[in-house]
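Just so you know, the sequence shown maps onto residues 178 to 351 in the numbering used here.
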Amino acid sequence: MFSAGDAVSFSDILDISEDLGLQKSGLKDIIFNFAGNYNGKNTGLEVIILEDNIQLVARAGYIDFIKKVLKSNARQTRSLSKSALEILAVVAYNQPVTKNYIEQMRGVDCAYMLGSLIERGYIEEKGRLDLPGKPYVYGTTLKFLSLFGLSDISKLPDIEKFKNSINAAADGDN
Numbered sequence: 178m179f180s181a182g183d184a185v186s187f188s189d190i191l192d193i194s195e196d197l198g199l200q201k202s203g204l205k206d207i208i209f210n211f212a213g214n215y216n217g218k219n220t221g222l223e224v225i226i227l228e229d230n231i232q233l234v235a236r237a238g239y240i241d242f243i244k245k246v247l248k249s250n251a252r253q254t255r256s257l258s259k260s261a262l263e264i265l266a267v268v269a270y271n272q273p274v275t276k277n278y279i280e281q282m283r284g285v286d287c288a289y290m291l292g293s294l295i296e297r298g299y300i301e302e303k304g305r306l307d308l309p310g311k312p313y314v315y316g317t318t319l320k321f322l323s324l325f326g327l328s329d330i331s332k333l334p335d336i337e338k339f340k341n342s343i344n345a346a347a348d349g350d351n
């Protein structure tokens with residue numbers, strides 16, 4: 178995990194571990210036990226589970242220090258713009274979606290920002306629709322899950338609860 182840098186799938190680990198006679202269910206138990214034990218240690222790293230993948234990452238409390246030490250690429254570390262976050266939200270809650278769908282939801286062209294989010298690895302092409310023009314459909318990536326600290330897409334906040342809290346706050350201002 179340390180040398181991979183990115184998330185490693187359970188199936189890749191299983192392929193490597195078959196010589197040890199491990200079964201997939203047994204391997205998952207070992208991985209979950211390892212993650213639980215490792216995350217209880219006082220280190221600058223933690224093990225996270227992303228769908229059927231595992232990744233070794235820096236603990237959130239050390240991110241600022243690590244950025245300073247590495248003097249990270251500004252394009253990778255700068256915060257996401259409002260339009261980028263809007264596109265990520267549309268994709269995350271409605272995936273798989275087409276570019277046209279995103280544009281209809283937002284009411285503006287999204288070609289540049291969609292390309293930027295793909296380049297940064299937060300969104301990826303998930304296939305094509307069987308419609309005229311064969312438009313691409315997009316979905317979120319493991320990097321998206323990691324960015325927002327989610328183990329899988331089902332852990333996204335409930336959009337209806339969010340809408341209700343916004344409406345309640347707006348009603349309180351009146």
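Just so it is clear, CB atoms sit at the ideal spot from N, CA and C, and this is done for glycine as well.
All figures in this text were calculated on a predicted structure; none of them were measured in a lab.
Beta-carbon within less than 7 Å of residue i's beta-carbon, same chain only, minus the 5 sequence neighbours each way: which residues are those?
i: Arg236; result: Gly221, Leu222, Glu223
i: Leu294; result: Ala261, Ile264, Leu265, Ile300
For residue i and residue j, what's the separation of their Cα atoms in angstroms?
i: Ile243; j: Gly198; result: 38 Å
i: Asn230; j: Ser328; result: 9 Å
i: Tyr313; j: Gln281; result: 15 Å
i: Glu302; j: Gly310; result: 15 Å
i: Lys245; j: Leu306; result: 44 Å
i: Gly304; j: Thr275; result: 10 Å
i: Ser256; j: Leu291; result: 16 Å
i: Phe209; j: Gly238; result: 22 Å
i: Phe187; j: Lys332; result: 20 Å
i: Ala181; j: Glu296; result: 20 Å
i: Ile190; j: Phe211; result: 14 Å
i: Lys259; j: Ile240; result: 22 Å
Considering only residues of the same chain and omitting the five flanking positions on each side of residue i, which have a CB-CB separation below 6 Å?
i: Ile225; result: Gln232, Val234
i: Ala184; result: Leu227, Asn230, Gln232, Leu319
How about residue i and residue j: do their beta carbons lie closer than 7 Å?
i: Leu227; j: Leu322; result: yes
i: Ile336; j: Tyr270; result: yes
Which same chain residues, not among the five before or five after residue i, have their C-beta less than 8 Å away from its C-beta?
i: Val267; result: Val274, Tyr278, Ile279, Met282, Arg283
*Return the chain-ordered ranges of every alpha helix (DSSP H) run that is complete within the region 199-233 and spans a minimum of 4 residues.*
201-216
*Evaluate the contact criterion for the region 212-219 versus the region 308-318: three or more CB pairs, one atom per stretch, below 8 Å.*
no
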